[in-house]
Structures are given as C-alpha cells and as structure tokens.
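Take a look at the structure set out below.
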C-alpha cells in the first residue's frame, strides 16, 4: 500500500475547521479580504515553520526563533535610522540572523552540544542583545517602502516571497542529496555517520538556513510593525514548533513536510481568526490550539503504529 503523505491529515483538519467557522460566521469569515488577512498573518509563522522543518527533521529543536525575529527587527530599524537604504538594510539584518544560526549550528553540529540547551541560551542572549541595541525601547524608523511587503492586497511581495521560499525548501528536501542527508541524520545519526555523511556539516547548514529564514520573517514582521521591538514575538517559537508538529513532523526527527508545516501554520491562523469572528476570548482560542496540537500528535502516533504493524506483517 502506498504511504499517505504526512500533510494529508493536517489538510483535512484545516478544511474542516475552515468550513466550521465559515458556517458559523458566513457574513464575515468568507469575505475575500478576510482570506487575504489570514494569509498575511500566516507569513511570519509560515516562513519560520519552513526553517523549523529542517531543524526538526534532523531531530533538533530551536527555541530561539522568537528572539531572533525580534533581534532582526531591531537591527533593521537601527540600520534604517542610520540612513541605510531599505534593501541593503533588510539583507544585512537577515544575514545577521543567519550568522547567529551558523554559531548555533557549530555548537550543535561540531561541538555536539544538546540543541535544547544551546537554543535556550541563544533565546535569552538574543533577547538581551536586542534590548541592549534598542536601549530597552522600541526604535522608530522610516520603513523606506518595506511596509509595502505585506500590503493589504494580492500584490503584496511578502506573500509571494513566503510562497517562493516554501517551494524552494520543499524542492531541496525532496530532490537534493542535502535533503536526503537531513532525513538520514534525523532517522539515525550514527548510521548516517557510518555511511559517510558529515552530520556536523548537515546540522551547521540546517541551523544556518533556519535562522536565515527567521531573519527573513523578522523583516516581514518589521514591515507590519514599522518599528524595531526587542519585546516582540515572545512565544513565537512555540507557535512555530506547533505548526511543524501539526504538519506531521515527529520531534524525534527523520521526517518532515514543508507543505504540512505551512498547513499547520494556516490552521493556527484560521483558529485564531475564527475565534475573533465568533467573539471568543483569547484563552478559548489558546485551549483549542493546544487541543489540536495534542490530537495531531496522537493521530501521528496511531498512524506510525499502524505503519509499523503493516511493515511487520
């Protein structure tokens, strides 16, 4: 029997939840502007989730994503205030995030430190660095056109940049040797090493790419805030990890789906937006999101158990 793609279940859940809210609030939820708003609200989490898919596929974790996004907004705002043009400022800010990822990847991949500990420390250090750079306050800056990245129509470049990045990483994981190495490291690192795979280099590349994508997400976040905010995106990393898990990736590694992660990010946005349209308090929305995460993991466990029994039989 052909194995079902891991994103099928999350897609069914997304369609069911969307249909539920559409039935309950058809006058507002089905408006095209609401669909566009949900797409825009998914960009930051979606881009970060694409990068986190790489990390989790290797059996790792990154708790510094939210701090990295906030750090990027501060660096970008500082550069813009210094008179740097928009595009170079955005590129430098994203590259700074990538350098942080390279450091994390070196500690995890070369020094073989535990990803949880390294990224937990990085989360705190980056948040402190962002506050220090911003003198513990928001930095107002002329966005110099960057605010148009997530404008309120389909021509918003941010939407297409996010889609292009997702497709690119999807293709890398599916069609390249590097993608096969990522899954091999997550499935069995010792066996991958015996097969000649430089596991340290793979992890270095994965954390660098993931942080670079978080830097791009930080640029998108700045486009909506138009300020550098060192206190922004607190808890974002948990939302990103949730999107990847909902998308069918086990925290043990060895599997991961970019499509599933994007669907997971969309599902979280739909729940939040639907709750707002129904007038539900935020705590109800948080309970619903948490319940869906637990259900997604439970369904994944059942699916794996059935697959193991079928393989054994």
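In the working numbering, the protein residues as written are 28 to 340. Backbone N, C-alpha and C define an ideal beta-carbon position, used for all residues, glycine too.
Based on DSSP bridge pairs, tell me the residues matched to residue i.
{"i": "residue 167", "result": "254"}
In angstroms with no decimal places, state the Cα-to-Cα distance between residue i and residue j.
{"i": "residue 69", "j": "residue 190", "result": "11 Å"}
{"i": "residue 60", "j": "residue 256", "result": "27 Å"}
{"i": "residue 241", "j": "residue 125", "result": "8 Å"}
{"i": "residue 324", "j": "residue 271", "result": "11 Å"}
{"i": "residue 214", "j": "residue 151", "result": "30 Å"}
{"i": "residue 63", "j": "residue 322", "result": "28 Å"}
{"i": "residue 122", "j": "residue 106", "result": "13 Å"}
{"i": "residue 318", "j": "residue 111", "result": "45 Å"}
{"i": "residue 227", "j": "residue 204", "result": "15 Å"}
{"i": "residue 315", "j": "residue 114", "result": "39 Å"}
{"i": "residue 145", "j": "residue 49", "result": "43 Å"}
{"i": "residue 39", "j": "residue 77", "result": "20 Å"}
{"i": "residue 37", "j": "residue 326", "result": "10 Å"}
{"i": "residue 159", "j": "residue 198", "result": "39 Å"}
{"i": "residue 247", "j": "residue 279", "result": "30 Å"}
{"i": "residue 157", "j": "residue 41", "result": "35 Å"}
When you compare each of the options to residue i by their alpha carbons, which one comes out closest?
{"i": "residue 43", "options": "185, 298, 271 and 177", "result": "298"}
{"i": "residue 250", "options": "71, 58 and 46", "result": "71"}
{"i": "residue 194", "options": "45, 315, 64 and 80", "result": "80"}
{"i": "residue 32", "options": "282, 318, 294 and 301", "result": "282"}
{"i": "residue 161", "options": "100, 196 and 144", "result": "100"}
{"i": "residue 235", "options": "136, 310 and 58", "result": "136"}
{"i": "residue 345", "options": "53, 293 and 129", "result": "The displayed coordinates of the chain run from 28 to 340. Any statement about residue 345 would go beyond what the structure contains."}
{"i": "residue 65", "options": "300, 41, 89 and 139", "result": "300"}
{"i": "residue 172", "options": "116, 308, 132 and 333", "result": "116"}
{"i": "residue 262", "options": "206, 89 and 229", "result": "89"}
If you run the structure through DSSP and keep just helix, strand and coil, what is residue i?
{"i": "residue 34", "result": "coil"}
{"i": "residue 322", "result": "helix"}
{"i": "residue 308", "result": "coil"}
{"i": "residue 225", "result": "coil"}
{"i": "residue 316", "result": "helix"}
{"i": "residue 124", "result": "helix"}
{"i": "residue 141", "result": "coil"}
{"i": "residue 92", "result": "helix"}
{"i": "residue 203", "result": "coil"}
{"i": "residue 262", "result": "coil"}
{"i": "residue 278", "result": "coil"}
{"i": "residue 112", "result": "coil"}
{"i": "residue 67", "result": "helix"}
{"i": "residue 283", "result": "coil"}
{"i": "residue 85", "result": "coil"}
{"i": "residue 54", "result": "helix"}
For residue i, which residues of its own chain have a beta-carbon under 7 Å away from its beta-carbon, when the five flanking residues on both sides are left out?
{"i": "residue 34", "result": "274, 275, 284, 286, 287 and 290"}
{"i": "residue 51", "result": "305"}
{"i": "residue 166", "result": "101, 104, 105, 108, 254 and 255"}
Ordered along the chain, which non-local residues of its own chain (more than five positions away) have a Cβ less than 6 Å from that of residue i?
{"i": "residue 302", "result": "312"}
{"i": "residue 243", "result": "74 and 121"}
{"i": "residue 148", "result": "none"}
{"i": "residue 132", "result": "230, 231, 234 and 235"}
Give me, in chain order, the residues of the same chain whose beta-carbon lies closer than 8 Å to that of residue i; leave out the 5 immediate sequence neighbours on both sides.
{"i": "residue 153", "result": "91, 94, 95, 97, 98 and 127"}
{"i": "residue 224", "result": "208, 211 and 212"}
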